[in-house]
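Numbering (the numbering used here), first residue to last: 266 to 1000.
One structure is given here, and the rest of the page talks about it.
Shown next, in the form of structure tokens:
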């Protein structure tokens, strides 16, 4: 099986995948469908993350999402919950509740799907690395955190150059972040990343600007936009609405107002320069319909405003002057060698780019800064027609590129792939240790018996749980171990830190712990709820039949339910003494009806203190036990009498044993041998045949059968009968 990389890239995914596979035998798994389409068109073999999901998996996730959403929805109706937001009035709450639930159902399902499918991917493929272009989106962060929980490192390649001031989403969660330059590294470190977590590679998506433009790309773009390639082309690329900055939220229309000012300046320029052509590029997440910008242009006297949706590589190779508002596309235009005009009008975006998300371009960069609307048209004219201005921009270009993208050498993909291969190789410095289940630790401390003097703590999380227990039980002697096999001594309590697996191995672990604690100790462990994907997978693979009460057949739902836990413990010789529910959500919720039963959907696991189950017998079982004891005693008396030559006494004792318990072959065999010794051959033959039918493989039974058959001249018949049961076995059962 090849090592696998989950590739969350879209733009540049083909270049990275090809470079990775050129340098090592790797399997590529795509996170997004557009990336899969890109790799397919490039002829790069790969799988999609969706390929690891089954219909049963999707149905189960949809059901669980609905249950969790309902549990959360009930909180909106509680007075103490609404009281936490006094600024929201009673009239607003119903509409807000509806909107929140709409987004919650969508977002929760997406995140749960990524997390559960990542787990399936790790089980089915040799996943070694998650490589994503951002670590703040719902899906990418879910992929990163779930991969790290399973010991798979994550490499975050910046989606775009970060701004100078930290935004709410700029929190680094990946093991390593690949950045564009040393200046960029300093910004990411200011967000809380450690220096060794940030590696300068450059942006692989910009490597293409080190190559000459594609022949004919300008003609193709101009034909698409109905432009004349022989006439000057000026484009403005709108920036996105920065919803994660508090100051931008208070200025939600700044990007639209700036776009209107640019369109007005384009209209003025078109009157002075009728041969110039103008293009507007809305941001991909622009919420305002493009028709409003076209209508604004017509009203201002600009009768042809082309709307651009081409690839950024093609468009910056086609235009002559590029305008933007602190946009990463401005960096691409710089890399291609275009004059760039940065439009950040103080009247609209001043607070945003001076106090909030911060400026992308600085005063010394190779761009023309426009802060007043009246300076827009002169700046465009200077960029296109003034040789001194263009020369000044070209002189500042090398330092600007070095600040923003290390170097325009086309080697960023190679540097990134070298870093990725180092991480794939198992370098421990890139791996987040998977050794902790923090949601269980308080519950462990709660259920471990307070009178425990010696405690064996086993599992990946042993060290962390031991710290918690040491604080709770300072006088207890705590021993750490990775597996239960390390505990040969008898302990008061054995604590399994890791959840019991949904397989038959779980019962084996518990049974071994039962031996370690003796008859008076305790076993503390955690069971995940049976609705988890681990239970579903184990059931489908035939590795585990969910314990069900009342003789019900195994089913997908209910494994390690409350009753199922009791059954699993019972199979190991244990029974629950106390338990604590571990909730998946930090809210209280009523129990609800789920698939025919009452269930609290917020419970994801139980931490249980179990004790050795005492042997309890029903009156009928006690009667059978007493009868067997009397039969064994009579048989031993008969054997002693037979050894002393008291054959009649032996016959009486053996007969009494059979009268008490007629299910033991040895009793009938002994009686047959005693009768044979006093020449009661017919009775001996009858008794030995009964012994044979009870246990045809007991060596003493087979020997006595041959002996009596030989005396009755029935040896040939006896060998035939024994042959029907099978040949003599060296490892036959004995009594």
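Even glycine gets a Cβ: it sits at the ideal position worked out from N, Cα and C.
>> Classify residue 357: buried if its beta carbon has 16 or more other beta carbons within 10 angstroms, exposed otherwise.
In response: As a position in the chain shown, residue 357 is number 92, starting the count at 1. Here residue 357 is exposed. Its C-beta has fewer than 16 other C-beta atoms within 10 Å.
> What is the rounded straight-line gap between the Cα of residue 482 and the Cα of residue 579?
Replying inline: Mapped onto the chain shown, residue 482 falls at position 217. Mapped onto the chain shown, residue 579 falls at position 314. Rounded to whole angstroms, residue 482 to residue 579 spans 6 Å at the Cα level.
>> When you compare the CB positions of residue 930 and residue 956, do they come within less than 8 Å of one another, or not?
In response: By one-based count along the chain shown, residue 930 stands at place 665. By one-based count along the chain shown, residue 956 stands at place 691. Closer than 8 Å, so yes.
> Is residue 757 buried or exposed, if buried means 16 or more other CB atoms sit within 10 Å of its CB?
Replying inline: In the chain shown, counting from the first residue as 1, residue 757 sits at position 492. Buried, by the Cβ-count rule.
> Between the Cα of residue 533 and the Cα atoms of 595, 721, 563 and 550, which residue gives the shortest distance?
Replying inline: Translated into the one-based positions of the chain shown, residue 533 becomes position 268. Looking from the CA of residue 533, the closest CA among 595, 721, 563 and 550 belongs to 563.
> How would you label residue 905, buried or exposed, when you count the other beta carbons within 10 angstroms and need 16 or more for buried?
Replying inline: Residue mapping note: residue 905 aligns to position 640 of the chain shown, counting from 1. Exposed: under 16 other Cβ atoms inside 10 Å.
> Rounded to a whole number of angstroms, what is the C-alpha to C-alpha distance between residue 399 and residue 424?
Replying inline: The count along the chain shown starts at 1 and reaches residue 399 at position 134. The count along the chain shown starts at 1 and reaches residue 424 at position 159. Spanning the two alpha carbons is a distance of roughly 5 Å.
> Buried or exposed: which applies to residue 1003, given that a residue is buried once 16 or more other Cβ atoms fall within 10 Å of its Cβ?
Replying inline: Residue 1003 is absent from the structure shown; the chain starts at 266 and stops at 1000.
>> By alpha-carbon positions, which one of 328, 366 and 909 ends up nearest to residue 337?
In response: The residue given as residue 337 occupies position 72 in the chain shown. Out of 328, 366 and 909, 366 has the C-alpha closest to the C-alpha of residue 337.
>> I need the straight-line Cα distance from residue 637 to residue 273, nearest angstrom please.
In response: Residue numbering aside, residue 637 sits at position 372 when the chain shown is read from its first letter. Residue numbering aside, residue 273 sits at position 8 when the chain shown is read from its first letter. So the alpha carbons of these two residues sit roughly 40 Å apart.
> Taking the alpha-carbon positions, what's the residue 884 to residue 900 distance?
Replying inline: By 1-based counting over the chain shown, the position of residue 884 is 619. By 1-based counting over the chain shown, the position of residue 900 is 635. Cα-Cα distance, rounded: 24 Å.
> Tell me which same chain residues have a C-beta within less than 7 Å of the C-beta of residue 596, skipping the five on either side of it?
Replying inline: Here residue 596 is taken as the residue at index 331 of the chain shown, counted from 1. For residue 596, same chain residues with a beta-carbon under 7 Å away, outside a window of 5 residues either side, are 426, 669 and 670 in chain order.
>> residue 408 and residue 317 - do their beta-carbons sit closer together than 8 Å?
In response: For this step, residue 317 is matched to residue 52 along the chain shown. For this step, residue 408 is matched to residue 143 along the chain shown. Their beta carbons are not under 8 Å apart, which means residue 317 does not touch residue 408 by this criterion.
>> Going by DSSP in three states, residue 615 sits in which element: helix, strand or coil?
In response: Counting from one through the chain shown, the residue named residue 615 turns up at place 350. Residue state, collapsed to three classes: helix.
> DSSP on residue 871, reduced to helix/strand/coil?
Replying inline: By one-based count along the chain shown, residue 871 stands at place 606. Three-state DSSP puts residue 871 in a strand.
> Taking the alpha helix (DSSP H) that residue 943 falls in, what are its first and last residues?
Replying inline: For this step, residue 943 is matched to residue 678 along the chain shown. Counting along the chain, residue 943 falls outside any alpha helix (DSSP H), and DSSP gives it neither H nor E.
>> Please classify residue 690 as buried or exposed, where buried requires at least 16 other C-beta atoms within 10 Å of its C-beta.
In response: Residue numbering aside, residue 690 sits at position 425 when the chain shown is read from its first letter. It is exposed - the Cβ of residue 690 has fewer than 16 other Cβ atoms within 10 Å.
> Considering only residues of the same chain and omitting the five flanking positions on each side of residue 874, which have a CB-CB separation below 6 Å?
Replying inline: As a first step, residue 874 is located in the chain shown; it is residue number 609 there, counting from the start. Excluding residues within five positions, the ones whose Cβ falls inside 6 Å are 712, 787, 789, 842 and 843.
>> For a quick check, are the C-beta atoms of residue 632 and residue 605 less than 8 Å apart?
In response: The count along the chain shown starts at 1 and reaches residue 632 at position 367. The count along the chain shown starts at 1 and reaches residue 605 at position 340. Yes, these two residues count as a Cβ contact at 8 Å.
> Taking the continuous beta strand (DSSP E) assigned at residue 542, which residues delimit it?
Replying inline: On the chain shown, residue 542 is found 277 positions in, with the first residue counted as 1. Following the DSSP letters along the chain, one finds residue 542 inside the beta strand (DSSP E) bounded by residues 542-546.
>> For residue 349 and residue 384, what's the separation of their Cα atoms in angstroms?
In response: Position 84 of the chain shown holds residue 349. Position 119 of the chain shown holds residue 384. Approximately 36 Å, taken between the alpha carbons.
> Can you round the beta-carbon distance between residue 793 and residue 870 to whole angstroms, since I take them to be within the 8 Å contact cut?
Replying inline: Against the chain shown, residue 793 aligns to sequence position 528. Against the chain shown, residue 870 aligns to sequence position 605. Contact holds; Cβ gap of about 5 Å.
> Can you give the beta carbon distance from residue 665 to residue 588, rounded, assuming they're within the 8 Å contact cut?
Replying inline: The count along the chain shown starts at 1 and reaches residue 665 at position 400. The count along the chain shown starts at 1 and reaches residue 588 at position 323. The pair is not a contact, with the Cβ atoms about 17 Å apart (cut-off 8 Å).
> In this structure, what does DSSP give as the bridge partners for residue 843?
Replying inline: Against the chain shown, residue 843 aligns to sequence position 578. According to DSSP, which records beta bridges pairwise, residue 843 is partnered with 874.
> Can you check whether the CB of residue 440 is closer than 8 Å to the CB of residue 696?
Replying inline: Along the chain shown, one-based indexing puts residue 696 at 431. Along the chain shown, one-based indexing puts residue 440 at 175. In this structure, residue 440 lies closer than 8 Å to residue 696 by Cβ.
>> Please classify residue 381 as buried or exposed, where buried requires at least 16 neighbouring CB atoms within 10 angstroms.
In response: Numbered from its first residue, the chain shown carries residue 381 at position 116. Flag for residue 381 reads buried.
> Based on Cα-Cα distance, which residue from 291, 286, 312 and 287 lies nearest to residue 297?
Replying inline: Here residue 297 is taken as the residue at index 32 of the chain shown, counted from 1. Comparing Cα positions, the closest option is 312.
>> Considering Cα atoms alone, identify which of 394, 443, 782 and 355 is closest to residue 677.
In response: Taking the chain shown and counting its residues from 1, the one referred to as residue 677 is at position 412. Each of 394, 443, 782 and 355 was checked against the Cα of residue 677, and the nearest Cα belongs to 443.
>> Would residue 377 and residue 330 be called neighbours here (beta carbons separated by less than 8 Å)?
In response: Walking along the chain shown from the start, residue 377 turns up at place 112. Walking along the chain shown from the start, residue 330 turns up at place 65. A contact, by the Cβ cut-off of 8 Å.
>> Considering Cα atoms alone, identify which of 526, 572, 538 and 535 is closest to residue 547.
In response: The sequence position of residue 547 within the chain shown is 282, counting from 1. Residue 547 has its Cα closest to that of 572, out of 526, 572, 538 and 535.
>> Here's a check: name, in chain order, each residue in its chain whose Cβ is nearer than 6 Å to the Cβ of residue 529, leaving out the five neighbours to either side.
In response: Counting from one through the chain shown, the residue named residue 529 turns up at place 264. 565.
> For the stretch 760-775 against the stretch 717-727, are there 3 or more C-beta pairs whose distance is under 8 Å?
Replying inline: Per the Cβ contact rule, the stretch 760-775 is in contact with the stretch 717-727 (3 or more Cβ pairs under 8 Å).
> DSSP on residue 353, reduced to helix/strand/coil?
Replying inline: Residue 353 sits at position 88 when you count from the first residue of the chain shown. In this structure, residue 353 counts as coil in the three-state DSSP scheme.
>> Measuring only the C-alpha atoms, how far is residue 882 from residue 892?
In response: To locate residue 882, count along the chain shown from 1; it is residue 617. To locate residue 892, count along the chain shown from 1; it is residue 627. Cα-Cα distance, rounded: 14 Å.
> Could you give the uninterrupted runs of the alpha helix (DSSP H) lying entirely in the stretch 450-513, keeping only those of 4 residues or more?
Replying inline: Complete alpha helix (DSSP H) runs here, min 4: 482-490.
> According to DSSP, what are the bridge partners of residue 293?
Replying inline: Position 28 of the chain shown, counted from the start, is the residue given in the question as residue 293. Looking at the DSSP assignment, residue 293 forms a beta bridge with 270.
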